Amino acid sequence: MTVPPSVPSYDVADPVSAAPPRLTATRGAAAGETATDWLERNGRTLGAAAIATAVVVAGGFAWRASSRSTAERADRALYEAEARFSQGDPSAGAALQQVTSRYGDTPAGAHARVLLAQTYYDRGQYADGLRVLSGGSAPAEWRDATERLRAAGQEGSGQPKAAAGTYEQLARDAGPEAKAELLGDAARAYEEAGDKANARRVWQQVIDTGTRGASDEARIRLGELAAGGS
Numbered sequence: 636m637t638v639p640p641s642v643p644s645y646d647v648a649d650p651v652s653a654a655p656p657r658l659t660a661t662r663g664a665a666a667g668e669t670a671t672d673w674l675e676r677n678g679r680t681l682g683a684a685a686i687a688t689a690v691v692v693a694g695g696f697a698w699r700a701s702s703r704s705t706a707e708r709a710d711r712a713l714y715e716a717e718a719r720f721s722q723g724d725p726s727a728g729a730a731l732q733q734v735t736s737r738y739g740d741t742p743a744g745a746h747a748r749v750l751l752a753q754t755y756y757d758r759g760q761y762a763d764g765l766r767v768l769s770g771g772s773a774p775a776e777w778r779d780a781t782e783r784l785r786a787a788g789q790e791g792s793g794q795p796k797a798a799a800g801t802y803e804q805l806a807r808d809a810g811p812e813a814k815a816e817l818l819g820d821a822a823r824a825y826e827e828a829g830d831k832a833n834a835r836r837v838w839q840q841v842i843d844t845g846t847r848g849a850s851d852e853a854r855i856r857l858g859e860l861a862a863g864g865s
């Protein structure tokens, strides 16, 4: 039975790596013959299972090439939009909106959402910024930045208790210093919402982290809350 051409492997974890070269048959094939040429020439001698495997492999390469191409286009579009944003160009918002619309669930799309939400926050349009942040899923590397900005928008739009919950959720997986900072933000938001019970609870958690500075503030705040009663 004729042996199908070997298939090179590529690291698909890097979305912006170079696109794979044209697949060339290396075993049982003439020099310079592509995998497609080989399949056409030998298709009649292959069993059904081998043909199916070859078709799946060919489809896999097409998908990988498409994924790389999409990621590269997203990165280029983000680069151009981010340049406008950093220069204060009034067209930056429209450019960022295009990136989020076309590449919403990619890292570039998540980055663009954060910047676009910030443009709304800068104009005091917190509800619009929050709407943008909810417009797609955030890859792991952009999740914390997205949620921090969401909490800021919730505070800015008069939802301090919702912001406190977001800060607490972020604090759960944070390291000691970041945890103390996020819990402090949560406690202050609870105080702003008039929820003294939860404010005391969270300030105590700040003390329990043992982080200098943050713990000192927490003790002062707890003393103030105790003096204020209820």
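Our numbering applies: residue 636 is where the sequence shown begins, and numbers increase by one. Beta carbons: idealized from backbone N, C-alpha and C, even for Gly. The structure displayed is predicted, hence computed values, not measured ones.
Open item on the list: Can you look up residue 739 in the DSSP assignment and give me helix, strand or coil?
Closed with: Coil.
Open item on the list: Tell me whether the stretch 806-816 and the stretch 765-778 touch, counting them as touching only if at least three CB pairs, one residue from each stretch, are closer than 8 Å.
Closed with: no
Open item on the list: Taking the alpha carbon of residue 748 as the reference point, which residue from 765, 805, 846, 787 has its own alpha carbon closest?
Closed with: 765
Task: residue 850 - DSSP class collapsed to helix/strand/coil - done: helix
TODO: Following the continuous alpha helix (DSSP H) through residue 785, name the residue where it begins and the one where it ends.
DONE: 775-791
TODO: Report the residue from 743, 815, 762 whose alpha carbon sits nearest the alpha carbon of residue 705.
DONE: 743
Open item on the list: To the nearest angstrom, how far is the alpha carbon of residue 854 from that of residue 707?
Closed with: 50 Å
Task: For residue 771, the three-state DSSP class (helix, strand or coil) - done: coil
Open item on the list: Rounding to the nearest angstrom, what Cα-Cα distance links residue 849 and residue 858 in this structure?
Closed with: 14 Å
Task: Given residue 729 as reference, the closest of 828, 740, 752, 796 once Cα atoms are compared - done: 752
Open item on the list: For residue 789, which residues in the same chain have their Cβ closer than 6 Å to its Cβ, ignoring the five residues on either side in sequence?
Closed with: The beta carbon of residue 789 sits closer than 6 Å to the beta carbons of 797, 798 from its chain, once the five residues preceding and following it are set aside; these are given in chain order.
Open item on the list: Determine whether the beta carbon atoms of residue 709 and residue 741 lie at a separation below 8 Å.
Closed with: yes
Open item on the list: Taking the alpha helix (DSSP H) that residue 804 belongs to, which residues open and close that run?
Closed with: 795-806
Open item on the list: On the criterion of 16 or more Cβ atoms from any shown chain inside 10 Å, does residue 795 qualify as buried, or is it exposed?
Closed with: buried
- [ ] For residue 718, count neighbouring Cβ atoms within 10 angstroms of its own Cβ and tell me buried if that reaches 16, exposed if not.
- [x] exposed
- [ ] Check whether the Cβ atoms of residue 805 and residue 827 sit closer than 8 Å, and answer yes or no.
- [x] no
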